[in-house]
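J.:
There are 2 protein chains.
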Amino acid sequence: MAQKENLYFSPLKTLSKKAMSTKMEESIQSIFQLPQVVLAEVCDAFKPLDLPKIFFLLRSGKICHNIWFVQSGLTRHFYVDDRGKERNTWFTVENNFTTDIPSLLNQQPARENIQLLEDSIIYAIAYSDVQKLQQKHHAFCIWYIKMLENNYFHQIEQRIDELQFMNATERYFNLLKKEPSFSQRISLGNIASYLNISQETLSRIRNEKPTF
Amino acid sequence: MAQKENLYFSPLKTLSKKAMSTKMEESIQSIFQLPQVVLAEVCDAFKPLDLPKIFFLLRSGKICHNIWFVQSGLTRHFYVDDRGKERNTWFTVENNFTTDIPSLLNQQPARENIQLLEDSIIYAIAYSDVQKLQQKHHAFCIWYIKMLENNYFHQIEQRIDELQFMNATERYFNLLKKEPSFSQRISLGNIASYLNISQETLSRIRNEKPTF
DNA sequence: ATGCTTTTTTGATGTAGGTCAAAACACTTC
DNA sequence: GAAGTGTTTTGACCTACATCAAAAAAGCAT
């Protein structure tokens, strides 16, 4: 799974403000209705980026400074274990916020990499701006709490459940149910890694071959 | 693991306000320094309870209305799986906040039970009061965000890691390192359930007997 | 101390899913 | 279309840990 990643270490292309879609505004407002002034400020803090497949939003070892909103496209979060194997921990699909929590909150080097699996339109907000907005606007705090609660907690609690209480087959079909598009968009190997199943076993599950 | 739980279905004993320790105040202030007025209001919203071992803070099927602060004592979170087996999902030790997120946030029946493993002093705040405080005090929002971030995220991300990337032996020693007191305070069976290991295997791990 | 209950340990056996190696398939690119 | 690269499938074998059953130990009440 060696990537031609270095090709893409060019500076981020920035979309014009005008090209900034209202889709993100909608996403923001659907979480909690912000006053127009605050909304404008929040949107202004999010910088739109048009990025190619294979680009790294975050590299292991670097400190994470952003929260991202995936407007279109797909990311995978992974780290390299002590045996050199890439381990996927998360995918973020369009209309979701994402970041690396441990690195962001403690401003410490990230274990995770965040890489694009598809050409994507991403809005990035600096964590320093998030903190400023928190200080400045009470309404933003409320929005932020709800964003964490809806977006983050829910998903993460489910993930624990899957890992703790489902077997390989159940994990796979559970994922298919939640994210039907994944089987087309993400390679078997990447899905297997996320589900903590070997490629071979996932292949057998997919083809309903019993392990005999 | 049949409990004599019903013995304790008496109304909650409430401690006098005077008995309310400053320990919780300290815990609150250590997360984020609140203005005196706000702090007073927050403390006032937390009701102290002196509860016996085996008491249930939350029962599966009920809607969770509170966030709790464990001043002293210990809780276990568990649910009963489809085969009738109790599955521990979490322990909360003194000086930590706890609740059942899925039930609290969506005000839906809980899957989890939260039960005391020791006589405990618990401070309970109604979620409705949390929401009122959020609306009323900007500072409280900031405190709340930090509380979630420090308290919750960090622990929960670690939990995913343990489940996804560690084997049984690693999970056990990792827990011992993080919570050395657990081996004294919590029965082997309860620890095994939390670690998602059978009692027998955990017993062998503890006694360094290889599985042959 | 003497039961009685609950928890922990030990041993024997079973199985889900991992690992290794090779073949089959699917893509790009020339 | 052939060659090259990456991905998926297949088969043989292995291992970590579960399950079942029974014994031993530890907590309790009386």
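Sequence lines, in order, name chains A and B.
Residues in the first sequence are numbered from 1 upward in steps of one, following the working numbering.
Residues in the second sequence are numbered from 1001 upward in steps of one, following the working numbering.
The C-beta atom is built at its ideal place from N, Cα and C for all residues, glycine as well.
Treat the numbers as computed from the prediction; the structure is a model and nothing was measured.
#1: Who are the neighbours of residue 1171/B on chain A, taking C-beta pairs under 8 Å?
#2: Contact between the region 132-149 of chain A and the region 1132-1141 of chain B: three or more CB pairs below 8 Å?
#3: Enumerate in chain order the residues of its own chain whose CB-to-CB distance from residue 64/A is below 7 Å, with the five nearest sequence positions on each side excluded.
#4: Name the residues in the region 35-64 of chain A whose C-beta lies less than 9 Å from a C-beta of chain B; which are they?
#5: Can you list the beta strand (DSSP E) stretches of 3 or more residues lying completely in the region 1014-1079 of chain B, in chain order?
#6: Which bits of chain B does residue 77/A rub up against, with CB to CB less than 9 Å?
#7: Hey, is residue 1144/B's beta-carbon within less than 8 Å of any beta-carbon in chain A?
#8: Kindly give me the distance between the Cβ atoms of residue 198/A and residue 95/A, rounded to whole angstroms, as I take these residues to be in contact under 8 Å.
#9: Following the continuous alpha helix (DSSP H) through residue 1153/B, name the residue where it begins and the one where it ends.
#10: Helix, strand or coil for residue 187/A per DSSP?
#11: With a threshold of 16 other CB atoms inside 10 Å of the CB of residue 1159/B, please say whether the residue is buried or exposed.
#12: Using 8 Å for Cβ pairs, my map puts residue 1188/B next to residue 1175/B. What's the rounded Cβ distance?
#13: Output yes if chain A places a C-beta closer than 8 Å to the C-beta of residue 1102/B; else output no.
#14: Determine the closest residue to residue 34/A out of 191/A, 147/A and 172/A, with distance taken between C-alpha atoms.
#15: Label residue 1180/B either buried or exposed according to how many other C-beta atoms from any shown protein chain fall within 10 Å of its C-beta, with 16 as the threshold for buried.
#16: Which of helix, strand or coil does DSSP assign to residue 1192/B?
#17: Does DSSP put residue 8/A in a helix, in a strand, or in coil?
#18: Check whether chain B comes within 8 Å of residue 196/A, counting only Cβ atoms and requiring the distance to be less than that.
#19: For a cutoff of 8 Å on Cβ pairs, would you count residue 1153/B as touching chain A?
#20: Using 8 Å as the cut-off, can you tell me whether the region 115-131 of chain A makes contact with the region 42-52 of chain A, which would need three or more C-beta pairs spanning the two stretches below that distance?
#21: Where does residue 1040/B land, buried or exposed, given buried means 16+ other C-beta within 10 angstroms?
#22: For a test of the three-state rule: what should DSSP assign to residue 1213/B, helix, strand or coil?
#23: Count the other C-beta atoms from every protein chain shown that fall within 10 angstroms of the C-beta of residue 106/A, then say buried if there are 16 or more, exposed otherwise.
#24: Mind checking which residues open and close the beta strand (DSSP E) that includes residue 170/A?
#25: Would residue 1097/B be called buried (16 or more neighbouring beta carbons within 10 Å of its own) or exposed?
#26: Within 10 angstroms of its Cβ, does residue 1070/B collect 16 or more other Cβ (buried), or is it exposed?
#27: Using a Cβ-Cβ distance cut-off of 8 Å, determine whether residue 216/A contacts chain B.
#28: Under a CB-based cut-off of 8 Å, is residue 192/A close to chain B?
#29: Using a C-beta to C-beta distance shorter than 8 Å, which residues of chain B count as neighbours of residue 164/A?
#30: If you check the beta carbons only, do residue 1205/B and residue 1091/B fall under 8 Å apart?
#31: Please classify residue 1164/B: does DSSP put it in a helix, a strand, or coil?
#32: Nearest chain B C-beta to residue 119/A closer than 8 Å, yes or no?
#33: Between 132/A, 113/A, 81/A and 108/A, which has its C-alpha nearest residue 38/A's C-alpha?
#34: Considering just the uninterrupted stretch of the beta strand (DSSP E) at residue 116/A, what are its terminal residues?
#35: When we look at the beta-carbon of residue 73/A and count the other beta-carbons within 10 Å, is it buried (16 or more) or exposed?
#36: Is the beta carbon of residue 1150/B sitting closer than 8 Å to the one on residue 1031/B?
T.: The relevant details are as follows:
#1: Per Cβ cutoff of 8 Å: no residues; residue 1171/B is ~11 Å from chain A at best.
#2: yes
#3: If we look at residue 64/A and ignore the five residues flanking it on each side, its Cβ neighbours are 58, 99, 100, 103, 104 and 110.
#4: Those would be none; no residue qualifies.
#5: 1047-1051, 1056-1058 and 1066-1072
#6: Here the premise fails: no neighbours, minimum Cβ distance about 11 Å.
#7: True, the Cβ-Cβ gap to chain A drops below 8 Å.
#8: Contact flag wrong, Cβ pair sits at about 31 Å.
#9: Residue 1153/B: not part of any alpha helix (DSSP H); DSSP gives it neither H nor E.
#10: coil
#11: buried
#12: In fact, because the Cβ distance is near 12 Å, the residues do not count as touching under 8 Å.
#13: yes
#14: 147/A
#15: exposed
#16: helix
#17: Any answer about residue 8/A is weak, because its pLDDT of 38 lies below 50 and its placement is not dependable; what the coordinates show is given next. Three-state DSSP puts residue 8/A in a helix.
#18: yes
#19: yes
#20: yes
#21: exposed
#22: Missing from the structure shown is residue 1213/B; chain B here goes from 1001 to 1212 and no further.
#23: exposed
#24: Counting along the chain, residue 170/A falls outside any beta strand (DSSP E), though it belongs to the alpha helix (DSSP H) covering 168-178.
#25: By the neighbour-count rule (16 or more Cβ atoms within 10 Å), residue 1097/B is buried.
#26: Its Cβ being crowded by 16 or more others within 10 Å, residue 1070/B is buried.
#27: Examination of residue 216/A is not possible in this model, given that chain A is present from 1 through 212 alone.
#28: no
#29: 1087, 1089, 1163 and 1196
#30: no
#31: helix
#32: At least 8 Å separates the CB of residue 119/A from every CB of chain B.
#33: 132/A
#34: 113-116
#35: buried
#36: yes
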